[in-house]
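Read through the structure below, which is laid out as structure tokens, and then see the notes.
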Amino acid sequence: MSSSIPVRVSVTKEQAQERPQFHQDSYEFVVSESLTPHIVFGNVSVGNELYFYRIMDSRASELFDVDHLGRLSLRATLDRETKDRYVFTVEVGSQPVSYHQNSTTTVNVRVTDVNDNSPVFSHPNWAVTVRDGMRSGEVLQRLVATDADDAENGRISYRILSGDDYGIFSVAPDTGALMFNQWDDEQLVRHNDGKWTLFVEAKDHGSVRRSTILPVQISLELQTWSGSAPFFVVPGYVVPVLETTSRESTVFTARATNRFGIPMNTVRYDLKDNDQAFSIDPVNGSIRLKHDLDYETRTSYKMSLLASDTNGRSAVVPLEFIVLPVDEFPPVFSQPSYTFQVPLVANVGIVIGEVHAVDADGGVHGVPEYRIEPANDLVTVEKTTGVVTLRAQPDKRRNHTVEQITLIAASSDAQQAKATVFLEIGDFPIRAANSTFSSNIFKIGAIATAALFVLLICLLGCCLFGYKSSKPKEIESPRKQVYSVSKGQVNGNNNGICRLASSPKQALPNNVSQKNSSMTSSASSNSGLRNSLLSHREGASTRSQPDSGIDQDTVSVNSSVTEYLISIGVNPNPIQSRPRYRRPDTIDAMLNDYIYARVEDILPPGPVSMSENIDQLEGLYQYAQSRHVAPTFQPLTEIFDELEEIQREQPKKREYIQVEI
Numbered sequence: 001m002s003s004s005i006p007v008r009v010s011v012t013k014e015q016a017q018e019r020p021q022f023h024q025d026s027y028e029f030v031v032s033e034s035l036t037p038h039i040v041f042g043n044v045s046v047g048n049e050l051y052f053y054r055i056m057d058s059r060a061s062e063l064f065d066v067d068h069l070g071r072l073s074l075r076a077t078l079d080r081e082t083k084d085r086y087v088f089t090v091e092v093g094s095q096p097v098s099y100h101q102n103s104t105t106t107v108n109v110r111v112t113d114v115n116d117n118s119p120v121f122s123h124p125n126w127a128v129t130v131r132d133g134m135r136s137g138e139v140l141q142r143l144v145a146t147d148a149d150d151a152e153n154g155r156i157s158y159r160i161l162s163g164d165d166y167g168i169f170s171v172a173p174d175t176g177a178l179m180f181n182q183w184d185d186e187q188l189v190r191h192n193d194g195k196w197t198l199f200v201e202a203k204d205h206g207s208v209r210r211s212t213i214l215p216v217q218i219s220l221e222l223q224t225w226s227g228s229a230p231f232f233v234v235p236g237y238v239v240p241v242l243e244t245t246s247r248e249s250t251v252f253t254a255r256a257t258n259r260f261g262i263p264m265n266t267v268r269y270d271l272k273d274n275d276q277a278f279s280i281d282p283v284n285g286s287i288r289l290k291h292d293l294d295y296e297t298r299t300s301y302k303m304s305l306l307a308s309d310t311n312g313r314s315a316v317v318p319l320e321f322i323v324l325p326v327d328e329f330p331p332v333f334s335q336p337s338y339t340f341q342v343p344l345v346a347n348v349g350i351v352i353g354e355v356h357a358v359d360a361d362g363g364v365h366g367v368p369e370y371r372i373e374p375a376n377d378l379v380t381v382e383k384t385t386g387v388v389t390l391r392a393q394p395d396k397r398r399n400h401t402v403e404q405i406t407l408i409a410a411s412s413d414a415q416q417a418k419a420t421v422f423l424e425i426g427d428f429p430i431r432a433a434n435s436t437f438s439s440n441i442f443k444i445g446a447i448a449t450a451a452l453f454v455l456l457i458c459l460l461g462c463c464l465f466g467y468k469s470s471k472p473k474e475i476e477s478p479r480k481q482v483y484s485v486s487k488g489q490v491n492g493n494n495n496g497i498c499r500l501a502s503s504p505k506q507a508l509p510n511n512v513s514q515k516n517s518s519m520t521s522s523a524s525s526n527s528g529l530r531n532s533l534l535s536h537r538e539g540a541s542t543r544s545q546p547d548s549g550i551d552q553d554t555v556s557v558n559s560s561v562t563e564y565l566i567s568i569g570v571n572p573n574p575i576q577s578r579p580r581y582r583r584p585d586t587i588d589a590m591l592n593d594y595i596y597a598r599v600e601d602i603l604p605p606g607p608v609s610m611s612e613n614i615d616q617l618e619g620l621y622q623y624a625q626s627r628h629v630a631p632t633f634q635p636l637t638e639i640f641d642e643l644e645e646i647q648r649e650q651p652k653k654r655e656y657i658q659v660e661i
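Taken in order, the sequence shown gives residues 1 to 661; the numbers are from full-length UniProt numbering.
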């Protein structure tokens, strides 16, 4: 089988055509990457005639197009970030087949940038940890973002959008460095877990600015942060515990916190100075009772409560458990019944009697309160003291009757005791100080008297102390000694005699020389007497008159001294009271030279006469006044010799002469 078709062939004569020629060897166009396809952006036409144009580069022909008039357009959108310049060849011919009559040119297309890209961070998620003790300006992290756009469209600036309400952080606007400024505890008010998000923006500088926001996760190391150190909100705890609390009961739960109450699971609790009466759970801080409590034995337990974390930080506060008493025992009356007499003539308010009850409990439960049940119209009882007083005057018709009342002592509603009180009403005498008022007045008066007495004792003690401290010390004055010397008796034990003399080699006055007398000393030896004279001579000139006082410490030896003097012939003579002769002032200094001892060492206190005969002293005064030469001391041996001569001249008879030395 076969088929056929007719074909017609026309033979024509070939016409001569001119060869098209581009005006330039190359063309350059600038195209924005945002240019819409099929929009003419350039022209490579060689004339107004229709020619055949084509792009020789097959890849370029996919993006660019040229029509019969030589106009260039886009087949697809361009992306400068992918390729910013294109170079391809365009050919033009008069006939599509006659390529030997064609010409070519080079087309350069430069793609310009459009801000069509947003900044992109190198990491989509950043995490930053804040540590305690960081310095201001320390860089935490560098947040790097890039932009594929060119020039200003690709230049990026950084800033913090949110999450930094208290100015803790800052970011460098050009480099994106995230820096620490200063810590603020208020940040933890909103984020008590120490974690929050910081939002940082990266924005370019194009005409239409594009930006990207980066979330930065901020976390705080609470375990080492100073604000997480445990502490107690109060300086100390005082916990009341009933004495009837059972063992293993939770009596208190300790709670340590930090500045903003951030929950921490690393805190551990402990009790210090605990006597094992209480125990604590180290994790939750609950304190349990381990031993039974007894208020009457111990009223409080003191210890220290410790809270510490794993970083060695701790807080200590005092903890005291106060044992509260419980009314365990009822009151007990001192006797089961009482009998009181009520006089018929007693006035209202008089004390009839008193009841007393004791309670083994301590504290407030150990003080019972008294009451009468049912209430009685005749008597009443004071609530705290148990004193029974007359409430109303008894009716005389109740003479010789006995009434019975019930008196209750209660420490609480559950613990109470009863006692029976018998009231004997009759013609009984009224006891003194029965009134409560008078009893109170007596107590107040006694207290006031005691206080006044103590005050007076204190004032007297102060006066005595002031007197003793202001009194000058007494200077012991030389003592005087008065002896009665018996003529003709000399003690052989004496080694020397203390004697006063006038100027040497002068005779005594006549009235003295004719007097039969002898002097002897039985009190001291010659050496001791000489030392006494020397020491007394130095201080004699400062004395204006003899001291007539008596030291109390020498009175006790007067009797023994007197007995001794009598045994050797020296007898004390009583001196009759007579007015003392007033000596002239000119003689006073000379008479002081004759004093070697004090009177108090020998004789009891009393007036002392210088001589048995006042005339003899007057003659002595006259004789002393007639002398103009100052008295001097004479050796004791010469005086003793003169006395012996006088003794030999006078007849031997026993006479007594009072001599004051």
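For each residue, glycine too, the CB sits at the ideal point set by N, CA and C.
Beta bridge pairing from DSSP links Gln-647 with no other residue.
The shortest CA-to-CA distance from Asp-413 to any of Glu-328, Leu-460, Met-134 is the one to Glu-328. Its Cα nearest to that of Val-348, the residue Pro-394 stands out among Pro-394, Val-364, Arg-75, Thr-384. Contiguous beta strand (DSSP E) elements confined to the region 29-67 occur at 40-43, 52-55, 64-66, taking only those with 3 or more residues.
When Cβ pairs closer than 8 angstroms are counted between the two stretches, the region 344-362 is seen not to touch the region 308-319, the count staying below three. Less than 8 angstroms divides the Cβ of Asn-192 from the Cβ of Phe-260. By the beta-carbon neighbour count (other beta carbons within 10 angstroms, threshold 16), His-365 is buried.
Looking at the backbone, the Cα of Arg-247 and that of Thr-299 are separated by about 17 angstroms. Runs of beta strand (DSSP E) with 3 or more residues, each lying fully within the region 197-269, are found at 211-220, 237-242, 250-253, listed in chain order.
Residues of the same chain with a CB within less than 8 angstroms of the CB of Val-46, apart from the 5 flanking positions on each side, are Pro-20, Gln-21, Phe-22, His-23, Gly-70, Val-92, Ser-103 in chain order. Contact check for Val-241 and Leu-293: beta-carbon distance about 6 angstroms, within the 8 angstroms limit, so the pair qualifies. When the beta-carbon positions are compared, Val-128 and Ala-145 stay at least 8 angstroms from each other. A straight line joining the alpha-carbon of Thr-212 with that of Glu-201 spans about 6 angstroms. Counted as a single uninterrupted DSSP element, the beta strand (DSSP E) harbouring Gln-416 occupies residues 416-426. Assignment of Glu-369 by DSSP, reduced to helix, strand and coil, places it in the strand class.
Using a 10 angstroms sphere on the CB of Tyr-269, the tally of other CB atoms reaches 16 or more, which defines it as buried. Under DSSP, the beta-bridge partners assigned to Ser-73 are Val-40, Asp-65.
The Cβ atoms of Leu-407 and Val-367 do not sit closer than 8 angstroms to each other.
According to the DSSP assignment, Arg-190 belongs to the alpha helix (DSSP H) that extends over 187-190. Within the same chain, and ignoring the five residues on either side of Arg-159 in sequence, the residues whose Cβ sits closer than 6 angstroms to its Cβ are Glu-201.
Bounds of any beta strand (DSSP E) do not take in Met-134, whose DSSP letter is neither H nor E. The shortest C-alpha to C-alpha distance from Pro-374 to any of Ala-346, Ala-277, Val-421 is the one to Val-421. For the region 269-357, the continuous beta strand (DSSP E) assignments of 3+ residues that do not extend past its boundaries occur at 278-280, 286-289, 300-308, 314-324, 337-343, 351-354, in sequence order.
In the displayed model, Ala-145 falls within a strand according to three-state DSSP. Non-local C-beta neighbours of Gln-341 in its own chain, meaning closer than 6 angstroms and more than five positions away in sequence, comprise Glu-424, Phe-428, ordered along the chain.
Judged by DSSP in its simplified three-state form, Tyr-467 adopts helix.
Counting C-beta pairs with one atom in each stretch, the region 221-236 and the region 126-143 have three or more that are closer than 8 angstroms, which means they touch.
Sequence-distant Cβ neighbours of Ala-151 in its own chain, meaning closer than 8 angstroms and more than five residues away, are Asp-113. The alpha-carbon separation between Asp-641 and Arg-648 amounts to approximately 11 angstroms. Looking at the DSSP output, Tyr-86 bridges to Val-109. Across the structure, Glu-138 and Asn-108 are spaced so that their CA atoms are roughly 52 angstroms apart. In this structure, Leu-378 keeps its C-beta atom at 8 angstroms or more from the C-beta atom of Arg-397. Non-local C-beta neighbours of Thr-89 in its own chain, meaning closer than 8 angstroms and more than five positions away in sequence, comprise Ile-55, Met-56, Asp-57, Thr-104, Thr-105, Thr-106, Val-107, ordered along the chain. Ser-73 is a Cβ neighbour of Asp-65, given a cutoff of 8 angstroms. The beta carbon of Asn-311 lies closer than 7 angstroms to those of Gln-223, Thr-224 in the same chain, with the five residues before and after it left out.
Note on geometry: alpha-carbon atoms of Arg-190 and Ser-170 lie some 20 angstroms from one another.
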